[in-house]
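Colleague: Going line by line, the protein sequences match chains A and B.
Under the working numbering, think of the first position of the first sequence as 68, with each following residue one higher.
Under the working numbering, think of the first position of the second sequence as 144, with each following residue one higher.
Where is the CB? At the ideal position from N, CA and C, for every residue including glycine.
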Amino acid sequence: MGRYVVRRLLQMIPVFIGATLLIFLMVNVMGDPIAGLCGDRQCDAATAAQLKKEFGLDKPVWQQYLTYMGNVFTGDFGTAFNGQKVTELMSTAFPVTIRLTIVAILFEIVIGITLGVVTGLRRGKPVDTSVLMLTLVVISIPTFVTGLLLQLLLGVEWGWIKPSVSSEATFSELIVPGLVLASVSLAYVTRLTRTSIAENRRSDYVRTAVAKGLPRRRVITRHLLRNSLIPVVTFIGTDIGALMGGAIVTERIFNIHGVGYQLYQGILRQNTQTVVGFVTVLVLVFLIANLLVDLLYAVLDPRIRYA
Amino acid sequence: MRGATHAKWAACAAAVALAATACGGGDSDSGGSGSGDGSATLSASWGDPQNPLEPANTNEVQGGKVLDMIFRSLKKYNPETGKAEDMLAEKIDTSDSQNFTVTVKDGWTFSNGEKVTAKSFVDAWNYGASLKNNQKNAYFFGYIDGYDKVHPEDGSKQTAQTLSGLKVTGDLTFTIKLNQKFSTFPDTLGYPAYAPLPQVFFTNHDGWLKKPVGNGPYTIDSYTKGSQMSLKKWDGYHGPDKAQNGGVTLKVYTDNNTAYTDLMAGNLDLVDDVPAAQLKNVQADLGDRYLNTPAGIIQTLAFPFYDKNWNKPGMEKVRTGLSRAINRDQITKTIFNDTRTPASDWTSPVLGEAGGFKEGLCGDACEYDAAAAKKLIEEGGGLPGGQVKITYNADTGSHKQWVDAVCNSINNALGNDKACVGNPVGTFADYRNQITAKKMSGPFRAGWQMDYPLIQNFLQPLYYTNASSNDGKWSNKDFDKLVDEANAETDTGKAVSKFQDAEKVLRDNMGAIPLWYQNGSAGYSERLSNVKLNPFSVPVYNEIKVS
């Protein structure tokens, strides 16, 4: 187990370097970011040169990348164009996005798995059909439509919530945005769980458990659900990374100042430091989430062992 | 019915969740409390300023909003007429339009108690001009003698720390020596870059940036970078334009649609940029709480004069022809819902007749006439390469819509489906890059938001040879000569008419196609009254009354 984890951690290094290098190059290809800082006007040459020097943009790209990575390992992610440290931006943006992600994941787990179990157990019944229809509808509607619609209905027409999230972004404010963010994944989780449950319900070990006379609740939670969760856990695990980085649309609609907002602004302003810094952290989150998922397999299914 | 209980439980969870948000949403309401006594606060939409909030480093409207509230300079532009009026200036004297003596009014202080003196101005200007401080508005000080020493254009070593043209002569007096005659120079001094700065700005720069201190009607109460700034009325404010409300909370919105929705829901009091998508229903939503007033912004199409194809003799006919092929009336009506006005000169209506705006100066050249357009383009030798590509940045505004409309109009006028196509560029920064690298192969979008309401500001920076915003590198000796003469003219009326003569040179060569004047728009809640936009399309926050 320990050796497996170490091997996986070592494998992360090339992935990490490759991913950051790609992002670094992509942002650089977009051209000189200084030109966008002076409005509809040419920056005067002297100031532009000075700014380039300050942000290290006068060096060749490979050298910029090496300096950048060197700094990253000492915890210095550079400075954004508005004079703020990128670490400072991260310390305000990540907590917000993490809260949003937690809300979304909770929705996926609680509602998604519950609905999945219910429908999986009653395949072909009216409950099953209606939930399936519902998930189909949710999957086919783009997030921004759900988001804007809920915002308009709950926020403006009925006045149940505030249409935008304040700068504190507390959990209670993030419930509706979290639901919107989770909606599509939630539908997938439901469907995945349903299929998995329905399949395993006919398996030998379930029949054995029922024949042993175990109570129905125990059969479902200990035997059926636990074994059916593996594909679902894989999905949710990879979804953590996707939710954190892919919340741009939801964050824009509800005016949440999280990672998506900083990335969006960083890209518009071609701020290499911000974009690469945030993506680097997202890459790390993704890698670690994946590792955790793999380790969870062993917990869920004792037949799986890592050596 | 175990399954059914599960479903019920899930439904209950969702209901509880919604109820919880409702509870969470209700408690902290948008504005503050209080009633008609001027102590109530309002909330307004904001965008994250692109640069650190230093006066000489702020060149966009979001940072400008804050500076407008916390600083007062020697002059202030009247929010209604745009005229430069004395604010901190007791008087600014000159006999030759080149040497100025400034007397600062007594009694002004910064909100930290420090007195505003001549030194506050001189130190601030020296800071702004100095190359080592990386101030993006440094060129504003370019007219002051000694600028080439503190800010060498060629990037060579800076040989002086202070501008030799600035001298403190007394506690409240200082002199300015310019490197050329510039009669309307005092009128430029209302621009935020010329604001005075307290000593703490220099001694504790980082602390100041976290919470700027100024001498305006508001002070900054708290500032969370990237999300919110709350400003409080400053009771010790010395000027005549005291705040009529208790304070303003600026909230950063990523998307102006969300800000508009918040206004509809009563969570926000003031939105100063109504999204284009909402223009159709804004009348129904807000009625008379919607403002649509002229601002000092003009949109034009510039040409790459560094490209031989666009600069050979006869091309002025082609450029004029293109101008005549654009149906400005129709486009401003259908695409912009009359939030823009067809342009008929190269300035802006906010200048007023006396300030140099002259409706119809462009004459026939800006009138839509398909037949004349076709004829002119043929006479001029046709479109270079048979097609024009209008380049624009697609990331902000509704540039794509109007460029497509302009192209449609040109195509229809010329009876050729392929005469004009749009050429989008992904980001503004990349767009600026391509312009500075002189990579434009045809007309491109050029917008100009004035720095100060003078006709000089609409002409010199944009069309004077090698000027900072002369993106098309248009160059004309007659134009340059007339601008120089106008700047040397001491009489404002005569100066303005010289500038208009220069503008006529621009018209005859069609150095850039004027498209339309842009309006500023705003919507506000029922709690507010006396909401106005100044000529810079920024709300006049200090005059807003909150009930």
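Helix or strand or just coil, what does DSSP make of Q387 (chain B)?
Modeller: Start at 1 with the first residue of the second sequence, and residue 387 (chain B) comes out as number 244. Reduced to three states, the DSSP call for Q387 (chain B) is coil.
Colleague: Would you mind telling me which residues of chain A sit closer than 9 Å to M407 (chain B), beta carbon to beta carbon, in chain order?
Modeller: Stepping through the second sequence from its first residue, residue 407 (chain B) is reached at position 264. Here the neighbours are L219, G222, V223 and P230.
Colleague: So, with DSSP's three-state summary, where would you put W659 (chain B)?
Modeller: Position 516 of the second sequence holds residue 659 (chain B). Looking at W659 (chain B) - three-state DSSP - the assignment turns out to be strand.
Colleague: What is the residue span of the alpha helix (DSSP H) that S466 (chain B) lies within?
Modeller: Within the second sequence, residue 466 (chain B) is the residue found at index 323, counting from 1. Run containing S466 (chain B): M458 to R467, per the alpha helix (DSSP H) assignment.
Colleague: Could you list which residues in chain A have their beta carbon closer than 8 Å to that of P295 (chain B), in chain order?
Modeller: Locating residue 295 (chain B) in the second sequence gives position 152, where the first residue counts as 1. Per Cβ cutoff of 8 Å: A113.
Colleague: Once the 5 residues before and after T305 (chain B) are set aside, which same chain residues still bring their CB inside 6 Å of it?
Modeller: Taking the first residue of the second sequence as 1, we reach residue 305 (chain B) at position 162. Counting only Cβ-Cβ distances below 6 Å, and skipping sequence neighbours, we find N269.
Colleague: For K641 (chain B), count the other beta carbons within 10 Å of its own beta carbon; 16 or more makes it buried, fewer makes it exposed. Which is it?
Modeller: For the purposes of this step, residue 641 (chain B) is identified with residue 498 of the second sequence, where counting begins at 1. Buried, because 16 or more other Cβ atoms sit within 10 Å of the Cβ of K641 (chain B).
Colleague: Residues in its own chain within less than 6 Å of S680 (chain B) by CB, not counting five upstream and five downstream?
Modeller: Position 537 of the second sequence, counting from 1, holds the residue named residue 680 (chain B). So the qualifying residues of the chain are A438 and G663.
Colleague: Spatial neighbours of D368 (chain A) within its chain, please: C-beta separation below 7 Å, excluding the five flanking residues on both sides.
Modeller: Here the question's residue 368 (chain A) lines up with position 301 in the first sequence. Once the five neighbours on either side are set aside, the close Cβ partners of D368 (chain A) are N294 and I297.
Colleague: Please list, in chain order, the residues of the stretch 273–306 of chain B that have any C-beta partner in chain A closer than 8 Å.
Modeller: Residues L274, K275, N277, Q278, K279, A281, Y282, H294, P295, E296, D297 and G298.
Colleague: What residues in its chain sit with their C-beta under 7 Å from that of N470 (chain B), if we drop five residues either side in the sequence?
Modeller: Counting from one through the second sequence, the residue named residue 470 (chain B) turns up at place 327. If we look at N470 (chain B) and ignore the five residues flanking it on each side, its Cβ neighbours are Y511 and S552.
Colleague: Taking the Cβ atom as the reference point for each residue, do S491 (chain B) and I441 (chain B) lie within a distance shorter than 8 Å?
Modeller: For the purposes of this step, residue 491 (chain B) is taken as residue 348 along the second sequence, with counting starting at 1. For the purposes of this step, residue 441 (chain B) is taken as residue 298 along the second sequence, with counting starting at 1. Their beta carbons are under 8 Å apart, which means S491 (chain B) touches I441 (chain B) by this criterion.
Colleague: When you compare only the Cα positions, how much space is there between N673 (chain B) and N400 (chain B)?
Modeller: As a first step, residue 673 (chain B) must be located in the second sequence, where it is residue number 530. As a first step, residue 400 (chain B) must be located in the second sequence, where it is residue number 257. Those two C-alpha atoms are separated by around 24 Å.
Colleague: In the DSSP assignment, what residue or residues form a beta bridge with W591 (chain B)?
Modeller: Position 448 of the second sequence, counting from 1, holds the residue named residue 591 (chain B). Its beta-bridge partners are B:I441.
Colleague: Closest by CA to G214 (chain A), which one among B:V247, B:T404 and B:G390?
Modeller: As a working note, residue 214 (chain A) is residue 147 in the first sequence. Ranking the options by Cα distance to G214 (chain A), first place goes to B:T404.
Colleague: May I have the straight-line CA-CA distance separating L359 (chain A) from V348 (chain A), to the nearest angstrom?
Modeller: Counting from 1 along the first sequence, the entry for residue 359 (chain A) is found at position 292. Counting from 1 along the first sequence, the entry for residue 348 (chain A) is found at position 281. Roughly 16 Å between the two C-alpha positions.
Colleague: Going along the chain, which unbroken runs of the alpha helix (DSSP H) with 4 or more residues stay wholly within the stretch 285–366 of chain B?
Modeller: With a minimum length of 4 residues, the continuous alpha helix (DSSP H) runs that stay inside the stretch 285–366 of chain B are 290–293, 328–331, 343–346 and 348–353.
Colleague: In chain B, which residues lie less than 9 Å from M97 (chain A) when you measure between Cβ atoms?
Modeller: Position 30 of the first sequence holds residue 97 (chain A). By Cβ distance, chain B contributes G569, T570, A572, D573 and N576.
Colleague: Counting pairs of beta carbons, one from the stretch 461–470 of chain B and one from the stretch 406–413 of chain B, are three or more of them closer than 8 Å?
Modeller: no
Colleague: What separation, rounded to the nearest whole angstrom, lies between the Cα atoms of V198 (chain A) and S373 (chain B)?
Modeller: Taking the first sequence and counting its residues from 1, one reaches residue 198 (chain A) at position 131. Taking the second sequence and counting its residues from 1, one reaches residue 373 (chain B) at position 230. Cα-Cα distance, rounded: 47 Å.
Colleague: Would D249 (chain B) count as contacting chain A if we go by Cβ distances under 8 Å?
Modeller: As a working note, residue 249 (chain B) is residue 106 in the second sequence. Chain A, which has no Cβ nearer than 8 Å to the Cβ of D249 (chain B), makes this no.
Colleague: Kindly give me the distance between the Cβ atoms of W489 (chain B) and L649 (chain B), rounded to whole angstroms, as I take these residues to be in contact under 8 Å.
Modeller: Sequence index remark: in the second sequence, residue 489 (chain B) carries index 346 (1-based). Sequence index remark: in the second sequence, residue 649 (chain B) carries index 506 (1-based). About 6 Å separates the two Cβ atoms, so the contact holds.
Colleague: Let me check understanding here. Comparing Cα to Cα, which of B:E296, B:S299, B:N358 and B:K234 lies closest to T316 (chain B)?
Modeller: For the purposes of this step, residue 316 (chain B) is taken as the residue at position 173 of the second sequence. When only C-alpha atoms are compared, the closest one is B:K234.
Colleague: Nearest chain B C-beta to R319 (chain A) closer than 8 Å, yes or no?
Modeller: For the purposes of this step, residue 319 (chain A) is taken as the residue at position 252 of the first sequence. Interface criterion met: the Cβ of R319 (chain A) is under 8 Å from a Cβ in chain B.
Colleague: Is Q643 (chain B) close to chain A? Criterion is C-beta to C-beta, closer than 8 Å.
Modeller: In the second sequence, counting from the first residue as 1, residue 643 (chain B) sits at position 500. No - not a single Cβ of chain A is within 8 Å of the one on Q643 (chain B).
Colleague: Residues in the stretch 348–375 of chain B with C-beta within 7 Å of chain A's C-beta atoms, listed in sequence order?
Modeller: L352, T367, K368, G369, S370 and Q371
Colleague: Is the CB of V626 (chain B) under 8 Å away from at least one CB in chain A?
Modeller: Position 483 of the second sequence, counting from 1, holds the residue named residue 626 (chain B). It does not; no Cβ of chain A falls within 8 Å.
Colleague: List the whole-angstrom C-beta distance separating S234 (chain A) from F321 (chain A), where the pair is believed to meet the contact cut-off of C-beta under 8 Å.
Modeller: If you number the first sequence from 1, residue 234 (chain A) lands on position 167. If you number the first sequence from 1, residue 321 (chain A) lands on position 254. About 12 Å separates the two Cβ atoms, so there is no contact after all.
Colleague: Could you tell me which of A:T164, A:Q131 and A:F144 sits nearest to K318 (chain A), measuring between CA atoms?
Modeller: Indexing the first sequence from 1 puts residue 318 (chain A) at position 251. Here residue 318 (chain A) is Glu; the residue named in the question, Lys, does not match the sequence. The shortest Cα separation from E318 (chain A) among A:T164, A:Q131 and A:F144 belongs to A:T164.
Colleague: Tell me the rounded alpha-carbon separation between V346 (chain A) and N619 (chain B).
Modeller: Looking up residue 346 (chain A) in the first sequence gives position 279. Looking up residue 619 (chain B) in the second sequence gives position 476. If I take the Cα positions, the gap works out to 49 Å.
Colleague: I need the boundaries of the alpha helix (DSSP H) containing L185 (chain B), first residue and last residue.
Modeller: Residue numbering aside, residue 185 (chain B) sits at position 42 when the second sequence is read from its first letter. Run containing L185 (chain B): none in the alpha helix (DSSP H); it sits in the beta strand (DSSP E), T184 to W189.
Colleague: If we count the other Cβ atoms within 10 Å of its Cβ and call it buried at 16 or more, is S158 (chain A) buried or exposed?
Modeller: Mapped onto the first sequence, residue 158 (chain A) falls at position 91. By the neighbour-count rule (16 or more Cβ atoms within 10 Å), S158 (chain A) is not buried but exposed.
Colleague: Rounded C-beta distance between I656 (chain B) and A548 (chain B)? I'm assuming under 8 Å.
Modeller: Translated into the one-based positions of the second sequence, residue 656 (chain B) becomes position 513. Translated into the one-based positions of the second sequence, residue 548 (chain B) becomes position 405. Not really, about 14 Å apart at Cβ, beyond 8 Å.
Colleague: Along the chain, where does the alpha helix (DSSP H) containing P244 (chain A) start, and where does it finish?
Modeller: Position 177 of the first sequence holds residue 244 (chain A). Run containing P244 (chain A): I242 to N267, per the alpha helix (DSSP H) assignment.
Colleague: Please classify N576 (chain B): is it buried, with 16 or more other beta-carbons within 10 angstroms of its beta-carbon, or exposed?
Modeller: Residue mapping note: residue 576 (chain B) aligns to position 433 of the second sequence, counting from 1. With 16 or more other Cβ atoms within 10 Å, it is buried.
Colleague: With a 10 Å radius around its C-beta and 16 neighbouring C-beta atoms as the bar for buried, classify M593 (chain B) as buried or exposed.
Modeller: Stepping through the second sequence from its first residue, residue 593 (chain B) is reached at position 450. By the neighbour-count rule (16 or more Cβ atoms within 10 Å), M593 (chain B) is buried.
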